[in-house]
Structures are given as structure tokens and as C-alpha cells.
């Protein structure tokens with residue numbers, strides 16, 4: 004089983020969080036920007052690259068907020084969520100995923116009412132969230 008490290012960004016501006024809107028298997032949902040860390044890339048470098056690729060957002064990585072993991076037949080995925088300071092939007096996203104249909108700033112106060120994944124991070128009480136499938 005291979006280990007895969009993934010970084011995600013919690014980017015807040017005006018009480019809203021930046022999300023990636025996706026459409027997969029007939030369902031629309033929202034996730035935080037982020038993705039796999041490349042070889043010889045720091046976590047903050049991966050965070051900056053992924054935010055630019057998926058959302059066209061220039062950010063500066065901040066502190067570690069939470070960690071969760073998931074498993075499938077081939078991979079053990081460890082996800083690290085970092086706060087990120089929003090600098091500016093740099094035009095259109097550079098490299099969107101095939102199922103990405105947009106980017107949206109969602110109000111944090113009502114994030115629970117959106118099809119947001121993973122919901123567990125909305126009310127987290129500790130850094131380690133556990134296993135999320």
C-alpha cells in the first residue's frame with residue numbers, strides 16, 4: 004500500500020471560505036483547494052501550487068489546522084489542512100481537475116448547509132480528525 008500526502012487550504016476572506024465546486028456521478032459538491040504533494044516539494048509549496056492550479060489564487064501557507072486519513076485498495080492517503088493567507092486571484096485557474104466546475108466563496112457560518120466535503124472539519128475539536136472515507 005502506497006502512502007500519498009495531500010495538502011488542503013483553509014482560505015478565508017470576509018467570513019467566507021474559498022472552495023472548489025465539483026460535479027461527479029451526477030452530484031455537485033464543494034471541497035477545499037489542494038492536492039498531492041510532489042517529490043522534493045514542501046507542504047507549503049504544494050499548497051501554493053495547488054491553490055494557483057485549481058483556483059487561480061495566490062496564497063501564503065500558514066499553520067496546520069487538522070489531519071485526517073483515508074484508505075482504499077492501493078493507497079493510504081494522509082490529508083493535512085493548513086490555514087492560508089489569501090493574497091489575490093491571479094486570473095483563471097491553471098490546471099483544473101476534470102470534475103471541477105467552478106470556484107466559490109461560501110459563508111463559513113452556513114457551510115454546514117452546503118454539500119461540503121468533509122463535513123467533519125466544520126466542527127472539529129482536535130487536530131487529528133481520524134479516518135474519513
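Numbering (this note's numbering), first residue to last: 4 to 136. Cβ coordinates follow ideal geometry from the N, Cα and C atoms, glycine included.
Does the distance from the CB of residue i to the CB of residue j come in under 8 Å?
{"i": "residue 119", "j": "residue 14", "result": "no"}
{"i": "residue 83", "j": "residue 20", "result": "no"}
{"i": "residue 71", "j": "residue 111", "result": "no"}
{"i": "residue 80", "j": "residue 73", "result": "yes"}
Can you list, in chain order, the residues of its chain whose CB lies under 7 Å from that of residue i, leaving out five sequence neighbours each side?
{"i": "residue 87", "result": "12, 13, 14, 50, 54, 62, 63, 64 and 65"}
{"i": "residue 58", "result": "21, 23, 36, 96 and 106"}
{"i": "residue 133", "result": "71"}
Whose C-alpha, out of the options, is nearest the C-alpha of residue i?
{"i": "residue 43", "options": "8, 76, 24 and 32", "result": "8"}
{"i": "residue 4", "options": "84, 121, 75 and 136", "result": "75"}
{"i": "residue 113", "options": "82, 104, 125 and 102", "result": "125"}
{"i": "residue 32", "options": "77, 80, 133 and 103", "result": "103"}
{"i": "residue 129", "options": "26, 29 and 67", "result": "67"}
{"i": "residue 60", "options": "121, 28, 93 and 100", "result": "93"}
{"i": "residue 25", "options": "91, 123, 117 and 131", "result": "117"}
Measure the alpha-carbon distance for residue i versus residue j and round it to whole angstroms.
{"i": "residue 16", "j": "residue 107", "result": "12 Å"}
{"i": "residue 34", "j": "residue 121", "result": "7 Å"}
{"i": "residue 115", "j": "residue 18", "result": "14 Å"}
{"i": "residue 78", "j": "residue 6", "result": "6 Å"}
{"i": "residue 30", "j": "residue 48", "result": "31 Å"}
{"i": "residue 101", "j": "residue 28", "result": "12 Å"}
{"i": "residue 91", "j": "residue 127", "result": "28 Å"}
Over what stretch of residues does the beta strand (DSSP E) that includes residue i continue unbroken?
{"i": "residue 6", "result": "5-16"}
{"i": "residue 91", "result": "78-92"}
{"i": "residue 124", "result": "Note, residue 124: premise wrong, no beta strand (DSSP E); not H, not E."}
{"i": "residue 39", "result": "37-39"}
{"i": "residue 114", "result": "Per DSSP, residue 114 belongs to no beta strand (DSSP E) and is neither H nor E."}
Could you tell me the boundaries of the alpha helix (DSSP H) in which residue i lies?
{"i": "residue 103", "result": "Here residue 103 belongs to no alpha helix (DSSP H); instead the beta strand (DSSP E) covers 103-110."}
{"i": "residue 56", "result": "46-58"}
When the cut-off is 8 Å and only beta carbons count, does residue i lie next to chain B?
{"i": "residue 7", "result": "Absent here is chain B; the protein component of the structure consists of one chain."}
For residue i, I'd like the list of residues in its chain whose CB is within less than 8 Å of its CB, leaving aside the five on either flank, ordered along the chain.
{"i": "residue 46", "result": "8, 10, 40, 64, 83 and 85"}
Leaving aside the five residues before and after residue i along the sequence, list all residues of the same chain whose C-beta is less than 6 Å from its C-beta, in chain order.
{"i": "residue 38", "result": "53"}
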